[in-house]
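Asker:
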Amino acid sequence: TVGAVAVDQEGNVASATSTGGMTNKRYNRIGDTPIIGSGTYANNQTCAISCTGHGEFFIRAVVAYDVSCLMEYKGYTLQKACEEVVLKKLVKFGGEGGLIAVTPSAEVALVFNSEGMYRASKSTGEETLVAIYK
Amino acid sequence: MHKTAIAIHGGAGTITQANLSPEQDKAYRAALKKAVEAGHQVLERGGSALDAVELAVVHLEDSPLFNAGRGSVFTKEGKHEMDAAIMCGKTLEAGALAGVRSIKNPVKLARAIMEHSDHVILSGYGAEEFALSYGLEFAPEAYFFDKYRYEQWSEVRDSDIFMLDHTAQRDEKFG
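Structural data, given as structure tokens:
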């Protein structure tokens, strides 16, 4: 699975996710990627999010929308909301994976509970960050 | 004028230095850098966040390194079934598709569904028919063949096991 989140010069955010599924999958199994609110979500009031990992858990935990709700209803910062969902809630019922997120004010979060996540980010006037391992 | 930013991912899982060779590590980092900087250039030129995320994901779909587009994994039948989604934070509009084959860049189809259909999610042959009617690029099965993914699949093909692309085998779990 691959994904991107961005905020533009007008302060609008967007998210996109794309996947080839799971090796040896059958029965037309669908993961979280195409499910708005689970693997992909964007809202100028809070943030844009793209997820990767074991899709069944991201669907059941409604991960992307959950992060947005923690910011909207509980006033969490982006980083705190992402960590709450990915490092606590998801881990509690065995969901492995991670997410990337950005806010209209260009805060970026790259949070994952697995051993690694292929990730990169770039903000105005800052060096490009590229990372793989924890 | 707002500060711009873009972030990308190429998958998560048991990715450790132990299971990536120095050449693979270098190739992954180069592909990630190229994709994120392509998306950031769109933003720097005043482009929309939607255009930026679409272009960055197209770059990742075009690389065989990541499980999407031409790096997609094999299904039980030895085919490639792809899913994708895109969402606009300004309008809360969204486009998504599930279980399509032969679409070169599924994220472009997600964008077309968002902008030209009255729906959010299309699936299977209907989504492919929509792609055809909007002139999206198709690719033959051979385009999606990748030796590494084929070998991953060969290990589990005759079992009921399914695998995340970066994670060791799991027992199947049917919710």
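Each protein sequence line maps, in turn, to chains S and Z. Taken in order, the first sequence gives residues 1 to 134; the numbers are from the numbering used here. Taken in order, the second sequence gives residues 1001 to 1175; the numbers are from the numbering used here. Think of the CB as a built atom: it goes at the ideal place given N, C-alpha and C, for glycine as much as any other residue. Computed from a prediction, not measured in an experiment: that's the story for all the values here.
(1) Does the CB of Ile36 (chain S) have a neighbour CB from chain A at under 7 Å?
(2) At what residue ranges does the stretch 1110–1163 of chain Z contain a whole run of the alpha helix (DSSP H), taking only runs of 4 or more?
(3) Taking three-plus beta-carbon pairs below 8 Å as touching, is the stretch 72–80 of chain S in contact with the stretch 101–117 of chain S?
(4) Hey, how far is the Cα of Asp1160 (chain Z) from the Cα of Glu83 (chain S)?
(5) Do Ala1096 (chain Z) and Ala14 (chain S) have their beta-carbon atoms positioned less than 7 Å apart in this structure?
(6) Using a Cβ-Cβ cut-off of 6 Å (strictly less than) and excluding sequence neighbours within five positions of Ala16 (chain S), which residues of its own chain qualify?
(7) Pull out every residue of the stretch 1069–1089 of chain Z whose Cβ sits closer than 8 Å to any Cβ of chain S, in chain order.
(8) Can you check whether the CB of Phe58 (chain S) is closer than 7 Å to the CB of Gly39 (chain S)?
(9) Give every residue of the same chain whose Cβ lies closer than 8 Å to the Cβ of Ala1168 (chain Z), excluding the five residues on either side of it in the sequence, and list them in chain order.
(10) Look up Ala1098 (chain Z) in the DSSP assignment and say whether it is helix, strand or coil.
(11) Let me see if you follow: with CB-CB separation under 7 Å, is Arg1029 (chain Z) close to chain S or not?
(12) Along the beta strand (DSSP E) that carries Asp1083 (chain Z), what are the first and last residues, could you check?
(13) Please classify Asn28 (chain S) as buried or exposed, where buried requires at least 16 neighbouring CB atoms within 10 angstroms.
Answerer: Let's see:
(1) Going by chain labels, chain A is absent from the structure shown, which instead holds the protein chains S and Z.
(2) 1124–1133 and 1147–1156
(3) yes
(4) Within the second sequence, numbered from 1, the residue matching residue 1160 (chain Z) stands at position 160. Within the first sequence, numbered from 1, the residue matching residue 83 (chain S) stands at position 83. For Asp1160 (chain Z) and Glu83 (chain S), the distance between alpha carbons rounds to 33 Å.
(5) In the first sequence, the residue the question calls residue 14 (chain S) occupies position 14. In the second sequence, the residue the question calls residue 1096 (chain Z) occupies position 96. Taking 7 Å as the Cβ cut-off, Ala14 (chain S) and Ala1096 (chain Z) do not qualify as a contacting pair.
(6) Numbered from its first residue, the first sequence carries residue 16 (chain S) at position 16. If we look at Ala16 (chain S) and ignore the five residues flanking it on each side, its Cβ neighbours are Ala4.
(7) Gly1069, Gly1071, Ser1072, Val1073, Phe1074, Thr1075, Lys1076, Glu1077, His1080, Glu1081, Met1082, Asp1083, Ala1084, Ala1085, Ile1086, Met1087, Cys1088 and Gly1089
(8) For the purposes of this step, residue 39 (chain S) is taken as the residue at position 39 of the first sequence. For the purposes of this step, residue 58 (chain S) is taken as the residue at position 58 of the first sequence. Yes, the pair counts as a contact, with Cβ atoms nearer than the cut-off.
(9) Position 168 of the second sequence, counted from the start, is the residue given in the question as residue 1168 (chain Z). A caution first: Ala1168 (chain Z) carries a pLDDT of 49, below 50, which makes its placement in the model too unreliable to give a value.
(10) Against the second sequence, residue 1098 (chain Z) aligns to sequence position 98. Looking at Ala1098 (chain Z) - three-state DSSP - the assignment turns out to be strand.
(11) Locating residue 1029 (chain Z) in the second sequence gives position 29, counting from the first residue. At least one chain S Cβ lies under 7 Å of Arg1029 (chain Z).
(12) Reading the second sequence from its first residue, position 83 is the one you call residue 1083 (chain Z). Element bounds for Asp1083 (chain Z): Met1082 to Cys1088.
(13) Position 28 of the first sequence, counted from the start, is the residue given in the question as residue 28 (chain S). With fewer than 16 other Cβ atoms within 10 Å, it is exposed.
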